[in-house]
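Here's the structure we're looking at; comments come further down.
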Amino acid sequence: METDHSNPAVNNPPTIISCIINPAARDGLSLKIWETAKSKFEDEGLTTELHLTEKVGHASEIAYTLKDRSDIKIIVACGGDGTIHEVASGLRGSNIPLAIIPAGTGNDVARVHGYSLDDLDKITDIIINGVDRNVGALRIEAEPMPEEGNYPAPTSDSKWNGVAKEKNRIVRWIFHESDSGITSLVSRAKLKRGKWIKGNLKYTYLGITEILKWKKRNAWVKIDDNEPVIINFSLFVFTLSEFFGGGYWVAPGASPITDHAYLCKAWNLSKLQMLLLMGPLRKGKHVGKWGITLDKCRKLEIKSVNQENEPVDIAHDPPLPINVDGEPCMQTPASIEFHPKQLWIRGAKDVSWENN
Numbered sequence: 018m019e020t021d022h023s024n025p026a027v028n029n030p031p032t033i034i035s036c037i038i039n040p041a042a043r044d045g046l047s048l049k050i051w052e053t054a055k056s057k058f059e060d061e062g063l064t065t066e067l068h069l070t071e072k073v074g075h076a077s078e079i080a081y082t083l084k085d086r087s088d089i090k091i092i093v094a095c096g097g098d099g100t101i102h103e104v105a106s107g108l109r110g111s112n113i114p115l116a117i118i119p120a121g122t123g124n125d126v127a128r129v130h131g132y133s134l135d136d137l138d139k140i141t142d143i144i145i146n147g148v149d150r151n152v153g154a155l156r157i158e159a160e161p162m163p164e165e166g167n168y169p170a171p172t173s174d175s176k177w178n179g180v181a182k183e184k185n186r187i188v189r190w191i192f193h194e195s196d197s198g199i200t201s202l203v204s205r206a207k208l209k210r211g212k213w214i215k216g217n218l219k220y221t222y223l224g225i226t227e228i229l230k231w232k233k234r235n236a237w238v239k240i241d242d243n244e245p246v247i248i249n250f251s252l253f254v255f256t257l258s259e260f261f262g263g264g265y266w267v268a269p270g271a272s273p274i275t276d277h278a279y280l281c282k283a284w285n286l287s288k289l290q291m292l293l294l295m296g297p298l299r300k301g302k303h304v305g306k307w308g309i310t311l312d313k314c315r316k317l318e319i320k321s322v323n324q325e326n327e328p329v330d331i332a333h334d335p336p337l338p339i340n341v342d343g344e345p346c347m348q349t350p351a352s353i354e355f356h357p358k359q360l361w362i363r364g365a366k367d368v369s370w371e372n373n
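Numbering (the working numbering), first residue to last: 18 to 373.
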C-alpha cells in the first residue's frame, strides 16, 4: 500500500476496514454499494466491520468511539458530504485515515480527493492502495440555527468539537468548505421547499426563487489582521479545496494540505449578477467578475450591524445562515479560523492540486 509513512497508524498493511454508513443515502442504495465493496475487500484478504447511523450526528459519535482503536487501520465513510463531515468530526486528531465511498448527491469531498463517483473498482483500489494526506480544517464558532421541520438544531457535541469561547455559540469543524449569503439561504430553503424536484434542477429552482426575493444584508467583516469593513453581504466561500455545491469550481488550484485556506468573496452583487454567476462559477471563471476575488485566508469574522452600521454581537434579522460542509446549521455572528493537519484522508495517488 502506498502511503505517507509519517502517519504512524498505517506503517503496516490494513487488517480491519471499519465502515460507517448512512443507510438512507441514495435512497437506500448505499447499503447495496457497501455489500459489493465488502466483497472486494474480503477478496483481498481484508476484514471488515459495519456501523449504521440512526440519526443526525450519529456518525460523529461512532467515529469518536473508533478513533483510538489499534486494530482498525482505516475508517470508511459511505454516504454524502454530510456523512463525511460527521465522521471526520469524530475522527479528527486520530492517526487512522478516513476513506470515502461516495453515495450522496454532491460528493464534493470525494471529488477533491480523486475518487470516482461511479466506478466501485476504482473506489476500492484507492481505499486499499491510495495515499494518505494530512489535511487542515476550519474551526467555526457561531450561533446555531434553530430547528426547521425534521432538521434539528445543532448541539454542542463538545466531546469532539470542543467548547465555545463566546456565550450562546457552539463549535463545529469544517473539513471542506463554509459559505454564506445566497448559497446558504438556498441550502436552508431546501429543508422545506422543492422536495418534489430531483437532482440539480432542485438547486436551480431554489437558487432562482431565493435570488428573486433576496434583500440586502449589511455585515461587519474582518479578514485575517486587516481592518474590518461594512459590506453588502452577497456571498462568501471559505474553503480548503477546489469544489463546492456539487461541482462548482469555486477555488481553482486550492489545496487542503497547505498552511492556509482560501476565501472567495463576492460582495455587493445585484440580483442579476447573482443569477449570471452560476455559469462562470461552475467553470471556475468567476474571479475578476463584478469585483469577485479569491485569496489565501486564515481567519474570518462576521457580525451583524445596527442601524448606525456599528457591529453588534447578535444574529442577523432575518437570520443569515452559514453552511458547514454543506449543512445550513450555523448563523452569524461567527468566527472561522484555519488549523493545519487535523485529519488524515486517503485519496488517489494523483490529484490535480498536489503540487500547487
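Ideal Cβ positions, reconstructed from N, Cα and C, are used throughout, including at glycine.
Alpha-carbon to alpha-carbon, residue j and residue i
i      : j      : result
Trp177 : Glu327 : 35 Å
Asp241 : Lys313 : 10 Å
Lys207 : Lys219 : 8 Å
Leu337 : Arg299 : 24 Å
Ala116 : Glu227 : 35 Å
Ser249 : Met347 : Just to set this straight, residue 249 is Asn in the shown sequence, not Ser. In a straight line, the C-alpha of Asn249 is about 20 Å away from that of Met347.
Pro30  : Ser204 : Note that Pro30 has pLDDT 48, beneath the 50 cutoff, so the model's placement of it is unreliable and the number below is only indicative. The alpha-carbon atoms of Pro30 and Ser204 are separated by roughly 41 Å.
Ala365 : Val148 : 6 Å
Trp266 : Gly301 : 5 Å
Lys358 : Ala154 : 7 Å
Gly264 : Met295 : 11 Å
Ser201 : Ser47  : 26 Å
Glu78  : Gln324 : 43 Å
Ile362 : Cys95  : 14 Å
Asp276 : Ser258 : 13 Å
Ser352 : Asn124 : 26 Å
Val238 : Glu354 : 14 Å
Met162 : Arg150 : 32 Å
Ser173 : Lys233 : 31 Å
Met18  : Leu292 : Note that Met18 has pLDDT 36, beneath the 50 cutoff, so the model's placement of it is unreliable and the number below is only indicative. Rounded to the nearest angstrom, the two C-alpha atoms are 46 Å apart.
Tyr214 : Ser87  : Rather than Tyr, the amino acid found at residue 214 in this sequence is Ile. The alpha-carbon atoms of Ile214 and Ser87 are separated by roughly 45 Å.
Ala271 : Gly343 : 18 Å
Ile33  : Thr82  : 15 Å
Asn167 : His75  : 15 Å
Glu244 : Arg315 : 15 Å
Glu183 : Gly198 : 23 Å
Tyr279 : Ser369 : 17 Å
Val246 : Leu311 : 17 Å
Glu61  : Ala268 : 37 Å
Ala181 : Val126 : 26 Å
Glu371 : Leu134 : 20 Å
Thr221 : Thr122 : 14 Å
Ser23  : Phe192 : Confidence at Ser23 is low in this model, with a pLDDT of 42, below 50, so its placement is unreliable and no value can be given for it.
Glu225 : Gln290 : With the sequence shown as reference, residue 225 is identified as Ile, and Glu is not the correct amino acid for it. Answer to the nearest angstrom: the Cα atoms are 12 Å apart.
Pro345 : Lys212 : 16 Å
His356 : His102 : 16 Å
Leu171 : Lys49  : First, the amino acid is wrong: residue 171 is Pro here, not Leu. One C-alpha to the other measures close to 30 Å.
Pair within 8 Å by beta-carbon distance, residue i and residue j
i      : j      : result
Gly97  : Ala120 : yes
Pro297 : Lys288 : no
Ser106 : Trp231 : no
Pro273 : Val152 : yes
Val188 : Arg156 : yes
Thr256 : Glu194 : yes
Ser111 : Asp85  : yes
Asp196 : Asn340 : yes
Ser321 : His333 : yes
Leu223 : Arg210 : yes
Ile92  : Ser35  : yes
Glu164 : Arg186 : no
Leu360 : Leu108 : yes
Phe260 : Val254 : no
Whole-Å CB distance - residue i paired with residue j, under 8 Å assumed
i      : j      : result
Glu160 : Pro335 : About 14 Å; that fails the 8 Å criterion.
Ala283 : Leu252 : 4 Å
Asp330 : Gly131 : Between Gly131 and Asp330 the Cβ distance is about 42 Å, and since that is not below 8 Å, they are no contact.
Ile113 : Ile89  : 6 Å
Ile118 : Trp51  : 7 Å
Thr53  : Glu59  : Wrong, their Cβ atoms sit about 11 Å apart, outside the cutoff.
Ala236 : Ile319 : 6 Å
Residues bridged to residue i (per DSSP)
i      : result
Thr310 : Lys282
Asn323 : Per DSSP, none; premise fails for Asn323.
Gln348 : Glu160, Pro338
Thr65  : Ile34
Tyr265 : Phe261
Glu354 : Arg156, Lys316
His361 : In the sequence as displayed, the identity of residue 361 is Trp instead of His. In the DSSP output, where bridge partners are listed per residue, Trp361 has Asn151.
Pro119 : Gly96
Trp237 : Ile247, Lys320
Glu165 : Tyr168
Gly198 : Leu252
Residue i: CB within 7 Å of a non-hydrogen atom of the ligand ADP
i      : result
Asn249 : The ligand ADP is absent from the structure shown, which contains no ligand whatsoever.
### Query
Is the stretch 64-72 touching the stretch 36-48 in the sense that three or more CB pairs, one from each, lie closer than 8 Å?
yes
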